[in-house]
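Shown next, in structure tokens, is the structure this report addresses.
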Amino acid sequence: MPIFGPRPLLATIALATTLTLTACNPAAEAESPPAAPTSAPVSAPVSAPARPASTPPAGSGKHTLTEAATAGGLTKATGANAVSDVPIDPGEMRDDMHLVVADYNRAGQTSGRRILFVGVDSVPEDPNKRREHLWRGLIDYALQNGSTGTPTTAKPYQPGPFGGSLECLSLPESANATDVICGWSDTTTAAVALFPRTTPADAARLFAAMRADLEH
Numbered sequence: 005m006p007i008f009g010p011r012p013l014l015a016t017i018a019l020a021t022t023l024t025l026t027a028c029n030p031a032a033e034a035e036s037p038p039a040a041p042t043s044a045p046v047s048a049p050v051s052a053p054a055r056p057a058s059t060p061p062a063g064s065g066k067h068t069l070t071e072a073a074t075a076g077g078l079t080k081a082t083g084a085n086a087v088s089d090v091p092i093d094p095g096e097m098r099d100d101m102h103l104v105v106a107d108y109n110r111a112g113q114t115s116g117r118r119i120l121f122v123g124v125d126s127v128p129e130d131p132n133k134r135r136e137h138l139w140r141g142l143i144d145y146a147l148q149n150g151s152t153g154t155p156t157t158a159k160p161y162q163p164g165p166f167g168g169s170l171e172c173l174s175l176p177e178s179a180n181a182t183d184v185i186c187g188w189s190d191t192t193t194a195a196v197a198l199f200p201r202t203t204p205a206d207a208a209r210l211f212a213a214m215r216a217d218l219e220h
């Protein structure tokens, strides 16, 4: 017959101690998934105060050049006597650029030197530098084709609705005979023209009028 003595009492005490330690053991608590941390409230982003829309300056944006049948009231020369090659080096030309070379007759003109125009658009560098390049080429061309004298300093004139810069210089032959070279530049185009036997002021007004038909 088994003898029941103090051992059952000791086992009962040991079991109760084990249950108590388990309830207090942090490792046992880790078996349950931890509660999600409470995040701090996120403030809505603060927008910067709206700025008033600025008005783009005159001459901003991309412009292109085209050969116009009439420009500033002048008629584009055609036929065998019209310019058929590029008389001056236009500078670097890329696929997206347009080169316009044309000569124009004044009203009723049938002979004599015409007004020669050379212009480029989508200029990759500073258009002012391209205008200077065209100016130098056109001065050389003029001196080899009827113009004489030492070029004067270019002076600014009203550029017209496209803005930018329009300047003219003269090649004085005498007090009453002056050839004038004008040039414009804006954000993307540069162009020059040779005006035989005129004044810088008259050439500037005519060049601005031509520009309105040649540039878009």
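Quick note: the sequence shown uses the numbering used here, first residue 5, plus one each step. Even for Gly, the Cβ is constructed at its ideal location relative to N, Cα and C. All of these numbers come straight from a predicted model, not from anything done at the bench.
- Taking 3 residues as the minimum length, the beta strand (DSSP E) runs contained wholly in the region 96 to 126 are 103 to 109, 119 to 124, in order along the chain.
- Counting C-beta atoms within 10 angstroms of its own C-beta, V127 has 16 or more neighbours from the protein chains shown and is therefore classed as buried.
- Following the DSSP letters along the chain, one finds A194 inside the beta strand (DSSP E) bounded by residues 194 to 199.
- By the Cβ criterion, the region 162 to 171 is in contact with the region 188 to 202, since at least three pairs of Cβ atoms, one from each stretch, lie closer than 8 Å.
- Counting C-beta atoms within 10 angstroms of its own C-beta, R98 has fewer than 16 neighbours from the protein chains shown and is therefore classed as exposed.
- By the neighbour-count criterion, in which 16 or more other beta carbons inside 10 Å mark a residue as buried, E219 falls on the buried side.
- If the five residues before and after Y145 are omitted, its C-beta is found closer than 7 Å to the C-beta atoms of P91, I92, all from its own chain and listed in chain order.
- A residue is called buried once 16 or more other Cβ atoms fall within 10 Å of its Cβ, and L103, having fewer, is exposed.
- One thing to note: P155 has its Cβ no nearer than 8 Å to the Cβ of L138.
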